[in-house]
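A quick write-up on the structure given underneath.
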Amino acid sequence: MYANYKLINLLPDLGVATALSMILVFSQSAQAELIIHNSKDASGQASMVVSDDRQKELPPAQLGISPSRINETVSLTQNKNLSKLNQSLTLYNYGTKPKAIKLSLIDMDETGNPIEPSESTLKPWTLINPTQFTIAPGGYQTVRMSIRLPMGFVEGKRYAMLSIEQQVDNAITYDTDGRGVTLEIGSRYGLPIRIDVQ
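Going by our numbering, the sequence shown opens with residue 130, and the numbers climb by one from there.
Next up, the structure:
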């Protein structure tokens, strides 16, 4: 969402809920705090101005993820029932507010498009712990991911994305004059995973 983005020629009786829904459409992948003001021009038409004037430049990153990607090789052997890969991830909260995080794994094809999980993809054989947690300001959370592939798993490269979703509990607050609305939008990050099964 760009600063001072304007939606004009809105009907005067446009409700706040409808307006907020429209803003969400424009800002699905944004991490920002937006200010919404309603006003009428000389002809009586309602207009809505969305601005983030308090952020004159891009804010610093508030969530750190290490490592930033997973690229590993797994070897299937005849003398083991399972082929295992254990990986630790650390998420850091550089912000001043607690961050509620939800994790989920999405199977992908080689072009980066989501695909349905199956016995030949990574998701059914992957354990993530924990999947939901809150990181205190200045704190961190270690996440353990374990991939256990069964014998007979088809060789080749497998792709997935670890979805890291920051959830917002109280997204909407109102200015004291009743004309302004602060909308805080949750964010979603993706950590790419590539496993070469040999």
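No residue lacks a Cβ here, since even glycine has one placed at the ideal position from N, Cα and C.
With DSSP collapsed to three states, give me the class of P259. Taking the first residue of the sequence shown as 1, we reach residue 259 at position 130. In this structure, P259 counts as coil in the three-state DSSP scheme.
When DSSP builds the beta bridges, which residues end up paired with G193? Numbered from 1 along the sequence shown, position 64 holds the residue referred to as residue 193. G193 is bridged to Y221.
Using beta-carbon positions only, say whether R287 and L251 come within less than 8 angstroms of one another. Working through the sequence shown from its first residue, we reach residue 287 at position 158. Working through the sequence shown from its first residue, we reach residue 251 at position 122. The answer is yes: Cβ separation under 8 angstroms.
Straight-line gap, L232 to T202 (C-alpha atoms, nearest Å): On the sequence shown, residue 232 is found 103 positions in, with the first residue counted as 1. On the sequence shown, residue 202 is found 73 positions in, with the first residue counted as 1. Using only the alpha carbons, I get a separation of about 23 angstroms.
For K226, name the three-state secondary structure that DSSP assigns. Taking the sequence shown and counting its residues from 1, the one referred to as residue 226 is at position 97. In this structure, K226 counts as coil in the three-state DSSP scheme.
I244 classed as buried or exposed, judged by whether at least 16 other C-beta atoms fall within 10 angstroms: For the purposes of this step, residue 244 is taken as the residue at position 115 of the sequence shown. With fewer than 16 Cβ atoms within 10 Å of its Cβ, I244 is classed as exposed.
Since N242 sits in a beta bridge, which residues does DSSP pair it with? On the sequence shown, position 113 is the one that residue 242 refers to. As computed with DSSP, N242 is found in no beta bridge at all.
Under the DSSP definition of a beta bridge, which residues are partnered with E294? To locate residue 294, count along the sequence shown from 1; it is residue 165. Looking at the DSSP assignment, E294 forms a beta bridge with K231 and R317.
Excluding sequence positions up to five away, which residues of its chain have a Cβ less than 6 angstroms from the Cβ of P196? To locate residue 196, count along the sequence shown from 1; it is residue 67. Cβ within range, chain order: n/a, list empty.
I need the DSSP call for P279, collapsed to helix, strand or coil. For the purposes of this step, residue 279 is taken as the residue at position 150 of the sequence shown. Strand.
Do you know offhand how far Q270's Cα is from L214's? Sequence index remark: in the sequence shown, residue 270 carries index 141 (1-based). Sequence index remark: in the sequence shown, residue 214 carries index 85 (1-based). Answer to the nearest angstrom: the Cα atoms are 20 angstroms apart.
Going by CA-CA distance only, name the one from D238, Y318, G267 and S249 that's closest to Y221. To locate residue 221, count along the sequence shown from 1; it is residue 92. It is G267 whose Cα lies nearest to the Cα of Y221.
Suppose contacts are defined by Cβ-Cβ distances below 8 angstroms. Is Q191 in contact with M274 by that definition? Start at 1 with the first residue of the sequence shown, and residue 191 comes out as number 62. Start at 1 with the first residue of the sequence shown, and residue 274 comes out as number 145. For Q191 and M274, no; Cβs fall outside 8 angstroms.
Option in N258, A265 and S316 with minimal Cα separation from E294: Here residue 294 refers to the residue found at position 165 of the sequence shown. E294 has its Cα closest to that of S316, out of N258, A265 and S316.
Range covered by the beta strand (DSSP E) that runs through E201: Numbered from 1 along the sequence shown, position 72 holds the residue referred to as residue 201. Unbroken beta strand (DSSP E) run through E201: I199 to V203.
Separation of A265 from T225, as counted between CA atoms: As a first step, residue 225 must be located in the sequence shown, where it is residue number 96. As a first step, residue 265 must be located in the sequence shown, where it is residue number 136. In a straight line, the C-alpha of T225 is about 8 angstroms away from that of A265.
Compute the distance between the beta-carbons of V283 and S247, then report whether it is under 8 angstroms. Position 154 of the sequence shown, counted from the start, is the residue given in the question as residue 283. Position 118 of the sequence shown, counted from the start, is the residue given in the question as residue 247. No, the Cβ-Cβ distance between V283 and S247 is not below 8 angstroms.
Taking A229 as the reference, give the member of T240, I235, N200 and T260 with the closest Cα. Numbered from its first residue, the sequence shown carries residue 229 at position 100. It is T260 whose Cα lies nearest to the Cα of A229.
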